[in-house]
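Let me begin by presenting the structure, written as structure tokens, before commenting on it.
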Amino acid sequence: MCLTRLRLPVTGSFVTLLLSCLLLLFGTGSQAFAKTSKADNQSDGHVYVLNNNLGSPNSITVFNREEDGSLSLSGVTSIGGTGSIAAFADGTQGSLILTSDDTRLFAADAGSDQISVINVRNGHLSLVNVAFSGGAGPISLTYRNGLLYVLNAANGSAVTASVTGFRVDASGRLYPIAGSTKALSTTHPNPAQVQIDPSGHYLLVTEKATNLIDVYRIHEDGSLSNPTSFSSVGVYPFGFAFNPARPQELIVDDGFGTGNGIGAVTAYQLSHGNVNLINGPVLDNQIAPCWMVVTRDGHYAYTSNADSHTISGYGIANNGVISSLNANGVTASTPTDTFPIEEGLSSDSYYLYVLESRLLLKQPGPATLGGFAIHSDGSLTSVVDPSQITLPFSAIGLAAS
6 MCLTRLRLPV TGSFVTLLLS CLLLLFGTGS QAFAKTSKAD NQSDGHVYVL
56 NNNLGSPNSI TVFNREEDGS LSLSGVTSIG GTGSIAAFAD GTQGSLILTS
106 DDTRLFAADA GSDQISVINV RNGHLSLVNV AFSGGAGPIS LTYRNGLLYV
156 LNAANGSAVT ASVTGFRVDA SGRLYPIAGS TKALSTTHPN PAQVQIDPSG
206 HYLLVTEKAT NLIDVYRIHE DGSLSNPTSF SSVGVYPFGF AFNPARPQEL
256 IVDDGFGTGN GIGAVTAYQL SHGNVNLING PVLDNQIAPC WMVVTRDGHY
306 AYTSNADSHT ISGYGIANNG VISSLNANGV TASTPTDTFP IEEGLSSDSY
356 YLYVLESRLL LKQPGPATLG GFAIHSDGSL TSVVDPSQIT LPFSAIGLAA
406 S
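Have a look at this one:
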């Protein structure tokens, strides 16, 4: 430090030096420690949308996220492969994923049965590799510690639905893992999502048509055990997310709730490969809750309700029990001419972004984006005007940093 063992005569030069050191240490204003300033071309984060282009190279649209949560268009990057409407006809979670260090994206090219690997540097994308997915109709991806697994739904195909694993090297090349291709509970169970649990020991898949949650043991070499299937308490298990604060807890969307058409959410604990109920289904009085995120502090979960044009928030107690933030299930509303689907959280969980699409109900018109600030009580306020953002009709996946 600049005051250590400093011996100078008490002169004007010394006073000037002393003041300079104090200014460096404590700043000039009321805030003792100011933020490190960003470069002019650096944003606070980014939002990435998988455009799911049909009959042409797939692409990703990139938005810069500003400090107040607002978005500005950065650009569009082609990533190879092609998109598909049929593969995503009934929805999915995780078709576009971002690594935890924000340096790489993986995208499902469902129309060409491929996976695109894209390097990321401050929101700028560069395609590294396009590889065969190991099955038909890849719709969901999950990555952890050099292992990538893909859910090949085989929707509309004679091929059996499956999961397949890849080892990812430092350059982004994919290498299939022997013994990692495994069937689901039946030939075509209409799966929704695949996810590695935070311990890295288990791989989970939700099956909508069978109301099952499949659990695979991940061996040290990345190969998988055969699945153990657990009955979902709610009907039509769809998107799910683990709780970052208590990694054994997972929260699952129940698209049809208890079977009465009203959606719900259920909390489970994953213990030694077993899926055990914590509580639920908790009805949200909304229709088609299908996509799920949990905040970094583990306090709140949010689901997008496609057919109700709403977002529902849930509080999460320390014992994992979930409860609705709002009696009517509406924490925020989205435009009624689009349908909220995939969600993403900023890396600090201060902002929630929602892809608002027409694809699943095959209504013509562009997709768009919504964005919300997350307050300390879990409430949401809009920070993005969806009318100012235009995305392709086919857009399906979203990731955020």
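Heads up, the sequence shown stops at 406 in our numbering, and the numbers go up one at a time, no gaps.
Think of the CB as a built atom: it goes at the ideal place given N, C-alpha and C, for glycine as much as any other residue.
Source: prediction; values computed, not measured.
Best match in the options for proximity to residue i [C-alpha to C-alpha]
i      : options                        : result
Gln200 : His193, Gly244, Leu208         : Leu208
Pro143 : Ala159, Tyr273, Gly128         : Ala159
Asn56  : Ala405, Pro397, Ala404, Ser406 : Pro397
Ile84  : Ile90, Thr395, Ser131, Glu71   : Ser131
Leu146 : Gly227, Glu71, Leu101          : Leu101
Gly375 : His314, Leu330, Ala322, Ile327 : His314
Gly334 : Ser362, Ile394, Val270         : Val270
Phe93  : Asp312, Pro194, Gly116         : Gly116
Tyr148 : His206, Val238, Thr386         : His206
Ala400 : Leu103, Ala113, Ser105, Ala175 : Ala113
Coarse secondary structure for residue i, derived from DSSP in three states
i      : result
Pro294 : strand
Ser138 : coil
Pro391 : helix
Thr191 : coil
Pro181 : strand
Asn69  : strand
Ser328 : strand
Gly320 : strand
Thr336 : coil
Thr411 : Residue 411 falls outside the range modelled here, since the chain spans only 6 to 406, and no answer is possible.
Gln200 : strand
Asn216 : coil
Where residue i falls, given that 16 or more other Cβ within 10 Å makes a residue buried
i      : result
Glu225 : exposed
Ser53  : It should be pointed out that residue 53 corresponds to Tyr in this sequence rather than to Ser. The residue in question, Tyr53, is buried, as its Cβ has 16 or more Cβ neighbours within 10 Å.
Gly151 : exposed
Gln198 : buried
Ser392 : exposed
Glu347 : buried
Gly402 : buried
His51  : buried
Neighbourhood of residue i by C-beta, 7 Å cutoff - its chain only, sequence neighbours within 5 removed
i      : result
Leu78  : Phe68
Thr165 : Ala159, Ala188, Thr192
Gly139 : Val155, Asn157, Thr169, Pro181, Thr186
Beta-carbon contacts of residue i that lie in its chain and below 8 Å, excluding the five residues immediately before and after
i      : result
Tyr355 : Gly74, Ala378, Ile379
Arg126 : Thr108
Beta-carbon proximity list for residue i, same chain, < 6 Å, skipping 5 on both sides
i      : result
Val133 : Val122, Asn124, Gly177
Ala301 : Checking the displayed sequence, the identity of residue 301 turns out to be Arg instead of Ala. Same-chain partners within the cutoff: Pro249, Ser354.
Asn58  : Ser64, Gly88
Gly325 : Glu254, Ala272, Ile283
Pro62  : Ser83, Gly85
Glu72  : Asp49
Given 8 Å, three or more beta-carbon pairs between the segment 238 to 245 and the segment 293 to 310: yes
- request: Inspect the CB distances between the segment 359 to 370 and the segment 261 to 273 and report whether three or more fall short of 8 Å.
  value: no
query: Just checking, does the segment 271 to 286 make contact with the segment 340 to 360 on the three C-beta pairs under 8 Å criterion?
result: no
message: With a threshold of 8 Å, are at least 3 pairs of Cβ atoms found where one atom belongs to the segment 277 to 286 and the other to the segment 299 to 309?
response: no
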